[in-house]
Amino acid sequence: MPQRTIIEPFRIKAVEPLRFTTRAEREQALAAAGYNLFTLHADDVLIDLLTDSGTGAMSSEQWAAIMRGDESYAGARSFDRFHAAVSELTGFAHIIPTHQGRAAERILFGAMVSDGDVVPNNTHFDTTRANVEFQGAEARDLVCPEGRDLQLDAPFKGNIDLDALERTLAEEGDRVPLVLVTITNNSGGGQPVSLENLRGVRALCDRFETPFILDACRFAENAWFVHEREAGQHDRTPREIAEEAFRLADGCTISLKKDGLANIGGVLALNDTEVAARCRDDLILTEGFPTYGGLAGRDLDALAVGLTEVTEPDYLRYRVRTAAYLAEKAWDAGVPTVRPPGGHAVYLDAGALLSHLPQSALPAQALACELYLEGGVRGVEIGTLMFGRPGADGAPDEVAPHELVRLALPRRTYTQSHVDYVGEVIAAVAARAEEIPGYRIVEQPRWLRHFTARLAPMAG
Ligand SMILES: *Cc1c(COP(=O)(O)O)cnc(C)c1O
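In structure tokens form, the structure reads like this:
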């Protein structure tokens, strides 16, 4: 096509009004929320980029499928349609629906992981890590060296380090119950994993007779990056690439709140019949009967449609372009980001932008608060508020490796002018970066403090 603009590949049939606030109202709301964006009311947020999980818009076909939902307790037609969609996509023998991704993780690790085990991954997502550690095992991150360098431009920064994986498998032996690979690598900036890397994992898992499980929340975005960037893959469709990725593994857990294009749902799929039987027993105990697993029939139907729509090239081209477009706006404003932009989010480097603030003054939280105050844009701090902790017995507080603000893009929800607006907000904040105050924590819980801590700005 001669036109350069990549347009939204849909038109809008239902609209949800946005609520505009004044700067004074936002100042008041943020102070009342203890300067914690998780505590804000959604009503006080204009553009909500807190997460891409379960926040997207469904298509007219998905809404039509909702009406076809069969709410029979057992053997519902909705389950048959869900089963067919997941089975065609992944090829796995046993398909177990769950209410979201972490339930699939808990059930799988409950069946396969024991005290003292080691679970390798490129980078564990926080719920994945928590569920591995809950079994008494070690969650070991083995992302490739390029993946640890924020600014480096490389095509597959989500790859697992195959040499480090081989060493782990050789040294830990039977203590490795399974190998995980997360596509795309969410905690590593939404970076993709190549098919070549997945084939390397398959070969090692064959040699060491260890099951290979994908954490496949963003399998479609990963397939698009492979289509665009990996040698020999450009003539294949994202669908074909995703199908091959699943067939290299022995099973998967997926949060369908991401590339399922629905607001709730998850799945655990496996080839091993004996492990699947144990997982189903646990499912019945905690989630529900194996033909609905914590979901309504209508949810299963919406997912069956979403799982076919999500690999459409027009959708994926627009999706990945949106993140890149927002990153370019940030660069134009002089704000560094993790490079290259991921599929689902842009990660602003607050440590670099607010270099006048030491990490103890929470620069990423300061930037996140300022984006909200400036234009009602809500992102999420991924820095010392999230990953640091108070020092024990008068020792200095622990800080995070990086100070980032993640702006996650809900699927099919915001238009290009919304993204332009976010770019303007970033630029306005960047223009007065050196005036932005730091923050201190006033009150914090013992675990996962970023969700509920209360903060206060430091005097400027
Ligand atoms: C979201 C996510 C999960 C957990 O899924 P939930 O649906 O939030 O429970 C696990 N792994 C990755 C990579 C994720 O992005």
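Numbering (my numbering), first residue to last: 620 to 1079.
For each residue, glycine too, the CB sits at the ideal point set by N, CA and C.
Practice item. Could you name the residues of the same chain whose beta carbon sits closer than 8 Å to that of Met731, not counting the 5 residues immediately before and after it, in chain order? Key: Working through the sequence shown from its first residue, we reach residue 731 at position 112. The residues are Pro796, Leu797, Pro830, Val894.
Practice item. With DSSP as the reference, label Ile883 as helix, strand or coil. Key: As a position in the sequence shown, residue 883 is number 264, starting the count at 1. Three-state DSSP puts Ile883 in coil, outside helix and strand.
Practice item. Using 6 Å as the cut-off, classify the Cβ of Asn882 as near or not near the heavy atoms of ligand 1, replying yes or no. Key: The sequence position of residue 882 within the sequence shown is 263, counting from 1. False, no ligand heavy atom lies under 6 Å from that Cβ.
**Study point:** Beta-carbon contacts of Pro739 that lie in its chain and below 6 Å, excluding the five residues immediately before and after
**Key:** Here residue 739 refers to the residue found at position 120 when the sequence shown is read from its first residue. Arg759, Leu761, Leu784, Thr787, Val798, listed in sequence order.
Check your understanding: For Gln966, which beta-bridge partners are listed by DSSP?
Key -> For the purposes of this step, residue 966 is taken as residue 347 along the sequence shown, with counting starting at 1. For the record, residue 966 in the displayed sequence is Tyr; it is not Gln. Beta-bridge pairing links Tyr966 to Arg1025.
Review point. Which residues in the same chain have their Cβ closer than 7 Å to the Cβ of Asp662, if we skip the five residues on either side of it in sequence?
Key: Counted from its first residue, the sequence shown places residue 662 at position 43. Cβ neighbours of Asp662 beyond the five flanking positions: Arg638.
**Study point:** Near ligand 1: Phe639 beta-carbon under 6 Å from a heavy atom
**Key:** Taking the first residue of the sequence shown as position 1, residue 639 is located at position 20. Because no heavy atom of ligand 1 lies under 6 Å away, the Cβ of Phe639 does not count as near it: no.
Point to revise | For Asp869, the nearest candidate out of Ser691, Ile714, Tyr1040 (CA to CA) | key: The residue labelled residue 869 in the question sits at position 250 within the sequence shown. For the residues Ser691, Ile714, Tyr1040, the minimum Cα distance to Asp869 belongs to Ile714.
Point to revise | Given Leu875 as reference, the closest of Asn741, Pro716, Arg855 once Cα atoms are compared | key: For the purposes of this step, residue 875 is taken as the residue at position 256 of the sequence shown. Looking at the Cα atoms, Pro716 is the closest of the given residues.
Practice item. With a cut-off of 8 Å on the beta carbons, I'd call Ala1027 and His963 a contact; round off their distance for me. Key: Your numbering for residue 1027 matches position 408 in the sequence shown. Your numbering for residue 963 matches position 344 in the sequence shown. Yes, they are in contact, since the Cβ atoms of Ala1027 and His963 sit about 6 Å apart, within 8 Å.
Exercise for review: Compute the Euclidean distance between the alpha carbons of Arg700 and Tyr692, then round it to the nearest angstrom.
Suggested key: Here the question's residue 700 lines up with position 81 in the sequence shown. Here the question's residue 692 lines up with position 73 in the sequence shown. Note on geometry: alpha-carbon atoms of Arg700 and Tyr692 lie some 15 Å from one another.
Check your understanding: Looking only at DSSP bridge pairs, what is Phe831 linked to?
Key -> Position 212 of the sequence shown, counted from the start, is the residue given in the question as residue 831. Phe831 is bridged to Val798.
Review point. For Glu863, which residues from the same chain have a beta carbon less than 7 Å from its beta carbon, with the 5 sequence-adjacent residues on both sides left out?
Key: Reading the sequence shown from its first residue, position 244 is the one you call residue 863. Scanning its chain for C-beta atoms nearer than 7 Å, with the 5 sequence neighbours on each side dropped, one finds around Glu863 the residues Leu814, in chain order.
Review point. For Thr956, which three-state DSSP category applies?
Key: In the sequence shown, counting from the first residue as 1, residue 956 sits at position 337. DSSP places Thr956 in the strand class (E or B) of the three-state scheme.
Check your understanding: Going by beta carbon distance, what residues of the same chain come within less than 6 Å of Cys763, once the five residues before and after it are set aside?
Key -> Locating residue 763 in the sequence shown gives position 144, counting from the first residue. Here the set comprises Asn778, Asp780.
Review point. Thinking C-alpha only, which one of His718, Gly994, Ala684 is nearest Gly884?
Key: Start at 1 with the first residue of the sequence shown, and residue 884 comes out as number 265. Ranking the options by Cα distance to Gly884, first place goes to His718.
Review point. Going along the chain, which residues of its own chain have a beta-carbon closer than 8 Å to the beta-carbon of Pro1130, five neighbours each way excluded?
Key: Residue 1130 cannot be examined here, being either before or after the span of the chain that is shown, 620 to 1079.
Check your understanding: Do Gly777 and ligand 1 come close, with the Cβ less than 6 Å from some heavy atom?
Key -> As a working note, residue 777 is residue 158 in the sequence shown. No.
**Study point:** Sub-7 Å separation of Gly1007 and Glu1000 beta-carbons
**Key:** Looking up residue 1007 in the sequence shown gives position 388. Looking up residue 1000 in the sequence shown gives position 381. Contact flag unset, no.
**Study point:** Within the segment 840-894, ranges of the alpha helix (DSSP H) (whole runs, at least 4 residues)
**Key:** 857-866
Point to revise | Closest residue to Leu880 among Thr856, Val1038, Leu919 (Cα-Cα distance) | key: For this step, residue 880 is matched to residue 261 along the sequence shown. Leu880 has its Cα closest to that of Leu919, out of Thr856, Val1038, Leu919.
Check your understanding: I think Tyr991 touches Leu649, with their Cβ atoms under 8 Å apart; what is that distance to the nearest whole Å?
Key -> For the purposes of this step, residue 991 is identified with residue 372 of the sequence shown, where counting begins at 1. For the purposes of this step, residue 649 is identified with residue 30 of the sequence shown, where counting begins at 1. Contact holds; Cβ gap of about 6 Å.
Review point. According to DSSP, is Ile1045 helix, strand or coil?
Key: Position 426 of the sequence shown holds residue 1045. In the structure shown, Ile1045 sits in a helix (DSSP, three-state: H, G or I).
Review point. At what residues does the alpha helix (DSSP H) containing Arg645 begin and finish?
Key: For the purposes of this step, residue 645 is taken as residue 26 along the sequence shown, with counting starting at 1. 642-651 is the span of the alpha helix (DSSP H), which, as asked, contains Arg645.
Check your understanding: Beta carbon of Arg592: closer than 6 Å to some heavy atom of ligand 1?
Key -> This structure gives no information on residue 592, because the portion of the chain shown stretches from 620 to 1079.
Point to revise | Arg767 versus Thr746 - alpha carbon distance | key: Stepping through the sequence shown from its first residue, residue 767 is reached at position 148. Stepping through the sequence shown from its first residue, residue 746 is reached at position 127. Distance between the alpha carbons of Arg767 and Thr746: 21 Å.
**Study point:** Residues near Asn890 in its chain [Cβ-Cβ closer than 8 Å; skip 5 each side]
**Key:** Mapped onto the sequence shown, residue 890 falls at position 271. So the list reads Phe711, Ala712, His713, Asp869, Gly870, once near-sequence residues are dropped.
Check your understanding: Are there 16 or more other CB atoms within 10 angstroms of the CB of Val1061, so buried, or fewer, so exposed?
Key -> Working through the sequence shown from its first residue, we reach residue 1061 at position 442. Its Cβ having fewer than 16 others within 10 Å, Val1061 is exposed.
Review point. What are the boundary residues of the beta strand (DSSP E) that Leu1074 is part of?
Key: Taking the sequence shown and counting its residues from 1, one reaches residue 1074 at position 455. Segment 1073-1076, the beta strand (DSSP E) holding Leu1074.
Review point. How many angstroms separate the CA atom of Ser979 from the CA atom of Thr803?
Key: For this step, residue 979 is matched to residue 360 along the sequence shown. For this step, residue 803 is matched to residue 184 along the sequence shown. The straight-line gap from Cα to Cα measures roughly 31 Å.
**Study point:** Ala1019 and Gly1002 closer than 7 Å at C-beta
**Key:** Within the sequence shown, residue 1019 is the residue found at index 400, counting from 1. Within the sequence shown, residue 1002 is the residue found at index 383, counting from 1. Yes. Within cutoff.
Review point. Quick one: Cα of Leu817 to Cα of Ala842, how far?
Key: By 1-based counting over the sequence shown, the position of residue 817 is 198. By 1-based counting over the sequence shown, the position of residue 842 is 223. So the two alpha carbons sit approximately 12 Å from each other.
Check your understanding: Residue range of the alpha helix (DSSP H) that Ile685 falls in?
Key -> Position 66 of the sequence shown, counting from 1, holds the residue named residue 685. Run containing Ile685: 679-687, per the alpha helix (DSSP H) assignment.
**Study point:** Supposed close pair Cys836, Lys877 - CB separation, criterion 8 Å
**Key:** Your numbering for residue 836 matches position 217 in the sequence shown. Your numbering for residue 877 matches position 258 in the sequence shown. Confirmed, about 4 Å.
Check your understanding: Looking at C-alpha atoms only, which residue of His743, Ala756, Asn750, Gly1042 is the closest neighbour of Val737?
Key -> As a working mapping, residue 737 is identified with position 118 in the sequence shown. Out of His743, Ala756, Asn750, Gly1042, Ala756 has the C-alpha closest to the C-alpha of Val737.
Exercise for review: Determine the contact status of Ser697 and Gly916, defining contact as a CB-CB distance below 7 Å.
Suggested key: For the purposes of this step, residue 697 is taken as residue 78 along the sequence shown, with counting starting at 1. For the purposes of this step, residue 916 is taken as residue 297 along the sequence shown, with counting starting at 1. The answer is yes: Cβ separation under 7 Å.
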